[in-house]
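Protein chains in written order, with the numbering used here: chain A, 1 to 116; chain B, 1 to 111.
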Amino acid sequence: DTGVSQNPRHKITKRGQNVTFRCDPISEHNRLYWYRQTLGQGPEFLTYFQNEAQLEKSRLLSDRFSAERPKGSFSTLEIQRTEQGDSAMYLCASRARTGIGKDGYTFGSGTRLTVV
Amino acid sequence: KQEVTQIPAALSVPEGENLVLNCSFTDSAIYNLQWFRQDPGKGLTSLLLIQSSQREQTSGRLNASLDKSSGRSTLYIAASQPGDSATYLCAVRGGAQKLVFGQGTRLTINP
């Protein structure tokens, strides 16, 4: 396990369909984050898990978005009734418990969503 | 609310030049600052992490400085190479868990 893994890498979906993305963090990292990045912008925070508990959600995360992290391992991000404005790169990151390692964030390669 | 600004938005320089990328943030109460590199269509690769108590970090040809009191960080790239072409993002973490990112500097190194 050398990094954060995200699947799928690319997803094209029709407007109104539901999509689900998966993130597998670094195994010893108990903190997991989802970010969204649109073209030409920096990533924006969506939500954060510590183990299996979802501790913070951004206002960007509308009711159509839901994230889970069962058993504190992998995480899924689901978007229901997709809209064209949901087209973006969805990035997952993980981080070790404070005091372990360098405390920096490790990001995955992202899932590029295109809603047509 | 923390805001992060990166200047310039884009930079094009000939190979071999030394260059500086700038990052400023509005709230000096940060825990740390992290510089990332992003290639087109890819995820983020961490370059350097500076804790709030540190003034600088170095990795190879990269040097990042932090002046927390003035809300500024710089990323210095020595002897630039075409392979350094990418978007460079800085991000700060305050008391909350989330990172706040700048919009990035798109760097092009011309052979």
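Here a beta-carbon is modelled for each residue, glycine too, at the ideal position from N, C-alpha and C.
Computed from a predicted model, the values in this text were never measured in an experiment.
Cβ neighbours of residue i in the same chain (closer than 8 Å, five flanking residues each side left out)
| i | result |
| --- | --- |
| P82/B | E15, I109, N110, P111 |
| L11/B | L19, L21, T105, R106, L107, T108 |
| R9/A | S109, G110, T111, R112 |
| S85/B | L107, T108, I109 |
| R36/A | P43, E44, L46, L60, A88, M89, Y90, L91 |
Residues bridged to residue i [DSSP beta-bridge criterion]
| i | result |
| --- | --- |
| V19/A | I79/A |
| I77/B | L19/B, L62/B |
| A88/A | L113/A |
| F141/A | A query on residue 141/A cannot be resolved here, the shown segment of chain A reaching from 1 to 116 and no further. |
| I12/A | T114/A |
| K57/A | T47/A |
| R106/B | A10/B, T87/B |
| T106/A | S94/A |
Whether residue i touches residue j by CB criterion (8 Å)
| i | j | result |
| --- | --- | --- |
| S58/A | T47/A | yes |
| N30/A | N51/A | yes |
| F107/A | A93/A | yes |
| Q6/B | C90/B | yes |
| Y88/B | R37/B | yes |
| R15/A | T114/A | no |
| Y105/A | Q51/B | no |
| L44/B | S59/B | no |
6 Å CB neighbourhood of residue i in its chain, flanking five on each side removed
| i | result |
| --- | --- |
| R72/B | S24 |
| E68/A | T76 |
| S66/A | E78 |
| D24/A | S5, F74 |
Alpha-carbon to alpha-carbon, residue j and residue i
| i | j | result |
| --- | --- | --- |
| I100/A | D67/B | Its pLDDT being 45, under 50, I100/A is placed unreliably by the model, and the measurement read from it follows with that caveat. When rounded, the distance between both Cα atoms is 25 Å. |
| S69/B | I12/A | 45 Å |
| T38/A | A78/B | 30 Å |
| Q103/B | K42/B | 16 Å |
| Q57/B | A64/B | 5 Å |
| K71/A | R22/A | 14 Å |
| Q41/A | A9/B | 10 Å |
| R64/A | R61/B | 44 Å |
| T20/A | N7/A | 9 Å |
| L91/A | L32/A | 11 Å |
Proximal residues of chain B, C-beta to C-beta of residue i below 8 Å
| i | result |
| --- | --- |
| T106/A | S46 |
| F45/A | K98, L99, V100 |
| Y48/A | Q97, K98 |
Same chain, Cβ closer than 7 Å to residue i, neighbours up to 5 away in sequence not counted
| i | result |
| --- | --- |
| R93/B | I30, Y31, N32, L99 |
| P116/B | The question about residue 116/B has no answer, for chain B in this structure spans 1 to 111. |
| E124/A | Given that chain A is displayed from residue 1 to residue 116, the structure contains no residue 124/A and the question cannot be resolved. |
Residue i: contacting residues in chain A (beta-carbon distance under 8 Å)
| i | result |
| --- | --- |
| N32/B | D103, G104 |
Contact list for residue i against chain A, beta-carbon separation under 7 Å
| i | result |
| --- | --- |
| L89/B | G42 |
| G43/B | L91, F107, G108, S109, G110 |
Interface residues of chain A facing residue i [CB-CB closer than 9 Å]
| i | result |
| --- | --- |
| L49/B | K102, D103, G104, Y105 |
Contacts of residue i in chain B (Cβ-Cβ under 9 Å)
| i | result |
| --- | --- |
| R31/A | Q97 |
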